[in-house]
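Colleague: If you read the sequences in order, they're chains A and B. The first sequence maps to residues 3 to 421 in this note's numbering. The second sequence maps to residues 3 to 421 in this note's numbering. Sharing a structure with you now.
Number of protein chains: 2
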Amino acid sequence: MHIETEATQHLHRAAAAARDASRILGRAPLETRNSALRAMASAMRADSDNILAANALDLAAFSGSASFRDRLALTPARVEAMAQGLDDIAELPDPLARTLGEWTRPNGLRFRRVAQPIGVIGMIYESRPNVGADASGLCLKSGNAVILRGGSESHHSARAINAAMIEGLRQAGLPEACVQIAPNTDRAYVAAMLGGAGLLDLIIPRGGKSLVERVQREARVPVLAHAEGLNHTYVHAAADPVMARAILANAKMRRTSVCGATETLLIDQAIAPSLLPLLVADLRELGCDFRADAAARNILPELTAANDADYDTEWLEATLSIRVVDGIGQALDHIARHGSEHTDAIVTEDSDIAEQFLRGVDSSVALWNASTQFCDGGEFGFGAEIGIATGRIHARGPVGLEQLTIYRYLVTGTGQIRP
Amino acid sequence: MHIETEATQHLHRAAAAARDASRILGRAPLETRNSALRAMASAMRADSDNILAANALDLAAFSGSASFRDRLALTPARVEAMAQGLDDIAELPDPLARTLGEWTRPNGLRFRRVAQPIGVIGMIYESRPNVGADASGLCLKSGNAVILRGGSESHHSARAINAAMIEGLRQAGLPEACVQIAPNTDRAYVAAMLGGAGLLDLIIPRGGKSLVERVQREARVPVLAHAEGLNHTYVHAAADPVMARAILANAKMRRTSVCGATETLLIDQAIAPSLLPLLVADLRELGCDFRADAAARNILPELTAANDADYDTEWLEATLSIRVVDGIGQALDHIARHGSEHTDAIVTEDSDIAEQFLRGVDSSVALWNASTQFCDGGEFGFGAEIGIATGRIHARGPVGLEQLTIYRYLVTGTGQIRP
Chain A
3 MHIETEATQH
13 LHRAAAAARD
23 ASRILGRAPL
33 ETRNSALRAM
43 ASAMRADSDN
53 ILAANALDLA
63 AFSGSASFRD
73 RLALTPARVE
83 AMAQGLDDIA
93 ELPDPLARTL
103 GEWTRPNGLR
113 FRRVAQPIGV
123 IGMIYESRPN
133 VGADASGLCL
143 KSGNAVILRG
153 GSESHHSARA
163 INAAMIEGLR
173 QAGLPEACVQ
183 IAPNTDRAYV
193 AAMLGGAGLL
203 DLIIPRGGKS
213 LVERVQREAR
223 VPVLAHAEGL
233 NHTYVHAAAD
243 PVMARAILAN
253 AKMRRTSVCG
263 ATETLLIDQA
273 IAPSLLPLLV
283 ADLRELGCDF
293 RADAAARNIL
303 PELTAANDAD
313 YDTEWLEATL
323 SIRVVDGIGQ
333 ALDHIARHGS
343 EHTDAIVTED
353 SDIAEQFLRG
363 VDSSVALWNA
373 STQFCDGGEF
383 GFGAEIGIAT
393 GRIHARGPVG
403 LEQLTIYRYL
413 VTGTGQIRP
Chain B
3 MHIETEATQH
13 LHRAAAAARD
23 ASRILGRAPL
33 ETRNSALRAM
43 ASAMRADSDN
53 ILAANALDLA
63 AFSGSASFRD
73 RLALTPARVE
83 AMAQGLDDIA
93 ELPDPLARTL
103 GEWTRPNGLR
113 FRRVAQPIGV
123 IGMIYESRPN
133 VGADASGLCL
143 KSGNAVILRG
153 GSESHHSARA
163 INAAMIEGLR
173 QAGLPEACVQ
183 IAPNTDRAYV
193 AAMLGGAGLL
203 DLIIPRGGKS
213 LVERVQREAR
223 VPVLAHAEGL
233 NHTYVHAAAD
243 PVMARAILAN
253 AKMRRTSVCG
263 ATETLLIDQA
273 IAPSLLPLLV
283 ADLRELGCDF
293 RADAAARNIL
303 PELTAANDAD
313 YDTEWLEATL
323 SIRVVDGIGQ
333 ALDHIARHGS
343 EHTDAIVTED
353 SDIAEQFLRG
363 VDSSVALWNA
373 STQFCDGGEF
383 GFGAEIGIAT
393 GRIHARGPVG
403 LEQLTIYRYL
413 VTGTGQIRP
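Right, here's the structure in full:
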């Protein structure tokens, strides 16, 4: 209770400072924001030894899995990549320099809808240190102040990285409160952030399912979250077999742990007898395992039988659910029932069927003849992303600089009054 | 507890039906959606006697204030206005027919960002029966299924109106579950809606401050809410006095109870001695009362003294707070400290100062030489609005058809795989 109060008090102060900072930052010219980004990158390069030493402290105290350890670990090359990421953000177009609409009403009132920062963003993430640097850079460029709460395992690293951010802000003459980190890694601070209605305008969680679910369940602040990516690749009867093999191998196996990975193959019964054995052989060679329905096992009896729950499982590993369908209707129906509206693809040479698929799925990203692993801000041309949104308001899909903005109206009159 | 469970079960069924209906509605051609709107309007005209009889039952049981009674009461003209509102929505452009962006990446992937319905919307409103009809029409046109929970005082009216909506859906061949109403007016149903994460995609509350605050506090679902409209009109030293008088009288007194009404006058000290007495005299003649700072009372000693809380008060009645400022800096500072980022106006002939004001306030609507009462979807040219959004994600200001949509990406390739 006492800790809770302390955390809440700290957040109140941090958020008030962030609000003031966001007003200055939101009106800072592009050149000021870019020079801060470049100064942050330089400071990070200059501080590289300190950052690595801080990371060594985190690693020394760490006792988790090898894959978690790999995400936590920094190297000189990874520090340089973070710095380069900030320089890259400085090169991107200004998301605040956009007039999104302009019109004049019969009474002469002239309306302009212009882009504007969201305000103060809370970022809650697990222990990959680069997420803090990327998020700081994206928020800064888009004019938003950010309060970062990283995982406890990476706290020393986060502090060292934040010092470089603050040095960059100072050199550019921007308030240090533009980029703040939580004072400690108590869970009470997360609770304070989730309860921070009116203090934070948006919370972005980045991490595993349990973190995201906790944030969505408890937050009193709008949340832009990435939930599940239960993605399908549908190989239609009129697919080019060579293309289908290349796409499926990439969509499933390029990286199995990313949210854009394909989890279920749907294949038309007309093409399954000839093509499914080739698809399975390709994937098996890459180390993939399978859960197949009865029709697929009629063709390849050695496959493990799928149960219903398999089609609702986001594997995030080298396992693929397989179902044979009788055509696009059944494919769309399966995706509507089992999908997570994240990313779904069709492989076909039939453009009418493709258009039916693109219009027929509710997925935030629907692809025709391409790998589901293209669901990524960089691949979309956004330059960088802060995450993928799976909700249905504000933004869907990759969240880049533009998605970190909102808009307002500027209305110019000549003395109009409302009748 | 038993009631809670029953409400939750009903909501689960209603939301599942709404989800299925939304998939059909979201893909229905514009002509189908428009013909449903016109059939709804016809059914409402044909059912006018039934709707008025149901409304008479509500009025007979009603024992509240006269102004509440007026909002609750229907007349033949008000029923016709609701029907006309639906016909008007049918005339508006299709918000789903918009391609919001289109580009091709160096690897040949072609991206299209297209408008899409949000999905299933929950609307919680107080007892103005027309809100249910308007919301039904706007949601239908934008491809969203809606579940309406109106105030208990208007339940008979809401049911009768909903019958006309359903008749329209039936005639157009659309699922009846596109527009549903709560089965009763138990508060447990509101609780079920607020807890309906995954069932509802968005909740829009429309009503008094306590309703909106409860929704914002308890909702586990994204909320698009209208909070406070603590709006300012700033009369700059270079204002045209005649224009300033006309604008202020309109901004404050056209209707005092609307969210776009001006609550505080800020006036430059250079112009106050000559202009303030005229502004006050105009407003006093219209029945307005005042809370003024010391500088204003030096000019007009008969004014009531303002205390600090007055500048934080959304009057929504014929009272105006007045403060004399020493220039635009102090005006912007006052608005940042006391405003609600809703709607703020400047009156000046100096275009540099005006631009400084428009860029300097965070208001969702910033006006130059026009009345704050223009903050309205109809006045913006949206045709109709479901409310005003005061949050900082998804939408700010009037929420019309376009703001009831989101987007998704259609990506077309030729076999691209991700390196």
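Heads up, the beta-carbon is just placed ideally off N, CA and C, and yes, glycines get one too. This structure is a prediction, so every number in the text was calculated from the model and none was measured.
So, is the C-beta of A117(B) closer than 9 Å to a C-beta in chain A?
Modeller: no
Colleague: Can you tell me whether L226(A) is buried or exposed, with buried defined as 16 or more other CB within 10 angstroms of its CB?
Modeller: buried
Colleague: Taking 9 Å as the threshold (C-beta atoms), are L250(B) and V223(B) in contact?
Modeller: Judged by their CB atoms, V223(B) and L250(B) are not nearer to each other than the 9 Å cut-off.
Colleague: Could you tell me the alpha carbon to alpha carbon distance between M245(B) and A166(A), rounded to whole angstroms?
Modeller: 52 Å
Colleague: Among A75(B), S69(B), S65(B), S67(B), which residue has its Cα nearest to the Cα of I53(B)?
Modeller: A75(B)
Colleague: Comparing C-alpha positions only, which one of A45(A), A174(A), N233(A) sits nearest to W317(A)?
Modeller: N233(A)
Colleague: Got a sec? Which residues, its chain only, sit under 8 Å from Q173(B) by beta carbon, not counting five neighbours each side?
Modeller: S37, A38, A41, A45
Colleague: With H, G and I counted as helix, E and B as strand and the rest as coil, what does DSSP make of R100(A)?
Modeller: coil
Colleague: Can the beta-carbon of P119(B) be found closer than 9 Å to that of G152(B)?
Modeller: no
Colleague: When you compare the CB positions of V217(B) and I91(B), do they come within less than 9 Å of one another, or not?
Modeller: no
Colleague: What span of residues does the alpha helix (DSSP H) with D284(B) cover, start to end?
Modeller: First-last of the alpha helix (DSSP H) with D284(B): 274 to 287.
Colleague: Please list, in chain order, all residues of the same chain as P421(A) whose beta carbon is under 7 Å from its beta carbon, the five residues on each side excluded.
Modeller: none
Colleague: Go ahead and label G121(B) buried or exposed: buried means 16 or more other beta carbons lie within 10 angstroms of its beta carbon, across all protein chains shown.
Modeller: Under this definition G121(B) is a buried residue.
Colleague: From which residue to which residue does the alpha helix (DSSP H) around Y313(A) run?
Modeller: Per DSSP, Y313(A) belongs to no alpha helix (DSSP H) and is neither H nor E.
Colleague: When you compare only the Cα positions, how much space is there between A55(A) and I123(A)?
Modeller: Distance between the alpha carbons of A55(A) and I123(A): 29 Å.
Colleague: Ordered along the chain, which non-local residues of its own chain (more than five positions away) have a Cβ less than 6 Å from that of T264(B)?
Modeller: N233, T235, A253, K254, T374
Colleague: Is it buried or exposed, P207(B), if we count other Cβ atoms within 10 angstroms and call 16 or more buried?
Modeller: buried
Colleague: Taking three-plus beta-carbon pairs below 8 Å as touching, is the segment 76 to 90 of chain B in contact with the segment 183 to 200 of chain B?
Modeller: no
Colleague: Going by C-alpha to C-alpha distance, which of T321(B), G341(B), A23(B), S156(B) sits closest to S259(B)?
Modeller: T321(B)
Colleague: Could you pull out every residue in the same chain whose Cβ sits closer than 6 Å to the Cβ of R299(B), ignoring the five residues on either side in sequence?
Modeller: L305
Colleague: If you draw a straight line from the C-alpha of Q358(B) to the C-alpha of A333(B), how long is it?
Modeller: 11 Å
Colleague: Tell me whether W105(A) is buried or exposed, calling it buried when 16 or more other Cβ atoms sit within 10 Å of its Cβ.
Modeller: Within 10 angstroms of the beta-carbon of W105(A) lie fewer than 16 other beta-carbons, which makes it exposed.
Colleague: Could you tell me if A296(B) is buried or exposed, where buried requires 16 or more neighbouring beta carbons within 10 angstroms of its beta carbon?
Modeller: Counting the other Cβ atoms within 10 Å of the Cβ of A296(B) gives fewer than 16, which makes it exposed.
Colleague: Using the three-state DSSP reduction, which class does P243(A) fall into: helix, strand or coil?
Modeller: The DSSP-derived three-state label of P243(A) is helix.
Colleague: Would a check of beta-carbon distances place Q375(A) closer than 9 Å to chain B?
Modeller: Answer yes: the Cβ-Cβ gap between Q375(A) and chain B drops below 9 Å somewhere.
Colleague: Quick one: complete alpha helix (DSSP H) runs, 4+ long, within the segment 185 to 264 of chain B?
Modeller: 189 to 196, 211 to 220, 243 to 255
Colleague: Assign Q271(B) to one of three DSSP states: helix, strand, or coil.
Modeller: The answer is coil: DSSP assigns Q271(B) none of H, G, I, E or B.
Colleague: Measuring only the C-alpha atoms, how far is L1(A) from A162(B)?
Modeller: Given that chain A is displayed from residue 3 to residue 421, the structure contains no residue 1(A) and the question cannot be resolved.
Colleague: Counting only Cβ-Cβ distances shorter than 8 Å, please list the residues of the segment 203 to 220 of chain A near chain B, keeping chain order.
Modeller: If you check each beta-carbon in the segment 203 to 220 of chain A against every beta-carbon of chain B, the ones closer than 8 Å belong to D203, L204, Q218, R219.
Colleague: On the CB-based measure, 16 or more other CB atoms within 10 Å of its CB, does E287(B) come out buried or exposed?
Modeller: Counting every other CB atom within 10 Å of its CB across the protein chains shown gives E287(B) a total below 16, marking it as exposed.
Colleague: Determine whether the beta carbon atoms of S159(B) and P131(B) lie at a separation below 9 Å.
Modeller: S159(B) places its beta carbon less than 9 Å from that of P131(B).
Colleague: Between the C-alpha atoms of E215(A) and A221(A), what's the straight-line distance to the nearest angstrom?
Modeller: 10 Å
Colleague: Which residues mark the beginning and the end of the alpha helix (DSSP H) in which R35(A) is found?
Modeller: 32 to 48
Colleague: How would you list, in chain order, the residues of chain A whose beta-carbon sits under 8 Å from the beta-carbon of A248(B)?
Modeller: G417, I419
Colleague: Is I91(B) helix, strand or coil when you go by DSSP?
Modeller: helix
Colleague: Quick one: which chain A residues come within Cβ less than 7 Å of H396(B)?
Modeller: I395, H396
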